[in-house]
Structures are given as structure tokens and as C-alpha cells.
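Asks: First the structure, which I've put down as C-alpha cells, then a few questions once you've had a look.
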Amino acid sequence: ARGELQCIGASTLDEYRQYIEKDGALDRRFQKVLVDPPTADETIEILSNIRPKYEEFHNVEYSEEAIKACVTLSNRYISDRFLPDKAIDVMDEVGARVHLKNIHVPDEVVQLEGKIEEIKEEKNKVVKSQRYEEAAKLRDTEKRLLEELETAKNKWEEQVKTEKYPVGEEDIAEVVAMMTGIPTRRIAQSEGNKLVGMADELKQ
Numbered sequence: 041a042r043g044e045l046q047c048i049g050a051s052t053l054d055e056y057r058q059y060i061e062k063d064g065a066l067d068r069r070f071q072k073v074l075v076d077p078p079t080a081d082e083t084i085e086i087l088s089n090i091r092p093k094y095e096e097f098h099n100v101e102y103s104e105e106a107i108k109a110c111v112t113l114s115n116r117y118i119s120d121r122f123l124p125d126k127a128i129d130v131m132d133e134v135g136a137r138v139h140l141k142n143i144h145v146p147d148e149v150v151q152l153e154g155k156i157e158e159i160k161e162e163k164n165k166v167v168k169s170q171r172y173e174e175a176a177k178l179r180d181t182e183k184r185l186l187e188e189l190e191t192a193k194n195k196w197e198e199q200v201k202t203e204k205y206p207v208g209e210e211d212i213a214e215v216v217a218m219m220t221g222i223p224t225r226r227i228a229q230s231e232g233n234k235l236v237g238m239a240d241e242l243k244q
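Here you go:
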């Protein structure tokens with residue numbers, strides 16, 4: 041009440057009306073400032089500035105067209121959210137999906153994991169049969185294979201860090217389709233028709 045505590049809060053209009061405006065005493069302690077969402081061009085600039093952070097995190101590379109598609113498609117097809125949040129969410133989601141899609145477990149890792157499982161099963165059998173000397177040998181073999189597996193996984197992780205997977209417009213369309221339920225083909229056709237229309241206008 042004496043103004044000793046100062047704070048800044050952020051909220052949507054709906055949440056403001058639901059939780060703050062109804063409480064007159066609380067409402068009087070805030071000065072409402074309406075902030076319009078950024079334009080599409082401003083959002084493209086925002087995404088361009090944060091792009092290195094997401095590229096490093098997901099081990100991907102966003103093309104300029106992909107950045108623009110994040111903004112254009114999210115703005116056109118995701119109607120229950122605002123820029124820049126919805127465009128950033130698309131950018132983050134597509135980075136994760138492209139990264140996961142390109143992860144291929146090396147044969148060496150798969151084979152070592154298979155051998156370890158076989159050794160574990162065999163070790164359990166000989167222990168039940170009270171053949172403890174054989175079990176000790178199998179335990180040593182299992183330990184050696186686990187060390188080899190750890191080395192192979194570390195090598196694989198280092199290789200993954202150095203690879204950058206490209207993110208294109210098609211990847212953006214797939215993610216927007218997943219988030220909205222609109223078929224990817226319909227989004228692609230819609231965008232294709234717009235490009236054709238632009239080309240016709242330029243010819244005129």
C-alpha cells in the first residue's frame with residue numbers, strides 16, 4: 041500500500057479480466073499498458089536473432105526460407121496464439137523433429153547392446169545352476185562390453201554434435217500441420233497457389 045514493492049506483470053487480456061480486474065483492490069495497484077504483438081516482419085527479425093541458440097541446441101540449421109515460413113505459416117494457420125510465441129514454438133518443435141528424424145544408432149552400439157543382453161541372460165542361467173566360476177567370467181565379459189559400449193556411445197555423441205541437419209520450408213509445413221490438424225498437402229497447395237499468383241502478378 042505504501043508503494044515500497046514494485047513489480048511488472050505480463051498477462052493476456054482474458055487472464056487480466058478473469059483474475060485481476062475482478063479484484064478492485066488488486067487492479068488499483070497496477071497501471072495497465074497494452075502491448076500489441078509484433079508484426080510478421082518484426083517476428084522474422086526476432087527469430088533470426090535467436091536462431092543460433094536453437095541451431096546449437098537441436099544441431100540443425102534453419103534456412104532463411106524456413107525462418108520466414110515459421111512466421112508466415114504459424115500466423116496464417118495457428119489462430120489461438122499470438123506472435124512471436126507461436127512462431128518460436130514452431131521453430132523449436134521443427135528443430136527437435138528434424139534432429140530426431142536424423143538420429144541413426146550406429147551398428148556398433150546396437151551390436152554391443154545385443155551382446156550385453158545375451159551375456160546377462162547367460163549369467164543368470166549359470167548363477168541359478170550354481171556355476172559360480174562361469175558366472176564370474178561372464179560378469180568380467182559383461183563389464184568389458186559395458187566399457188566398450190560407453191566408449192562407442194561417447195564417440196557417437198561427439199559425431200552427432202558436429203553434424204548440422206538442414207531445416208526447410210517442408211519441415212515447417214509438416215509441424216504446422218501436426219499442430220493444427222490441417223493436412224500438410226493442403227498447406228503446401230495453399231502456399232503454392234500464392235506463389236503462382238505472385239508470379240503471375242509480376243509478369244503483368
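Using my numbering, read the sequence shown as starting at 41 and increasing by one per residue. We put the CB at the ideal spot given by N, CA and C, even for glycine.
In angstroms, rounded to a whole number, what distance separates the CA positions of Ile60 and Phe70?
Replies: Each residue's Cα considered, the two are about 9 angstroms apart.
Asks: Beta strand (DSSP E) containing Val130: first to last residue?
Replies: Not the beta strand (DSSP E): Val130 falls in the alpha helix (DSSP H), residues Asp125 to Lys141.
Asks: For the putative contact between Val149 and Leu189, defined by C-beta atoms under 8 angstroms, what is the C-beta separation to the nearest angstrom?
Replies: Yes, they are in contact, since the Cβ atoms of Val149 and Leu189 sit about 7 angstroms apart, within 8 angstroms.
Asks: Determine the direct distance from the alpha carbon of Asn194 to that of Ala6, and round the result to whole angstroms.
Replies: The structure shown does not extend to residue 6, since the chain is modelled only from 41 through 244, so no value can be given for it.
Asks: Taking the runs of the alpha helix (DSSP H) that are 4 residues or longer, which of them lie wholly in the region 60-133?
Replies: Those alpha helix (DSSP H) runs which fall completely within the region 60-133 and span 4+ residues are 64-67, 80-98 and 104-117.
Asks: Please go through the same chain and pick out, in chain order, the residues whose beta-carbon is closer than 6 angstroms to the beta-carbon of Lys126, but skip the five residues on each side of it.
Replies: Counting only Cβ-Cβ distances below 6 angstroms, and skipping sequence neighbours, we find Ser114 and Ile118.
Asks: Would you call the region 130-144 and the region 90-110 in contact, with 3 or more CB pairs under 8 angstroms?
Replies: Touching, per the Cβ criterion.
Asks: Leaving aside the five residues before and after Leu66 along the sequence, list all residues of the same chain whose C-beta is less than 6 angstroms from its C-beta, in chain order.
Replies: Around Leu66: Ile60.
Asks: Whole angstroms are fine: how far does the CA of Glu182 sit from the CA of Ile156?
Replies: Looking at the two C-alpha atoms, the distance is approximately 6 angstroms.
Asks: Which two residues bound the contiguous alpha helix (DSSP H) that contains Tyr172?
Replies: Tyr172 -> alpha helix (DSSP H) spans Tyr172 to Thr202.
Asks: Tell me, to the nearest whole angstrom, how far the beta carbon of Thr83 is from that of Pro124; I am working on the premise that it is less than 8 angstroms.
Replies: Confirmed, about 4 angstroms.
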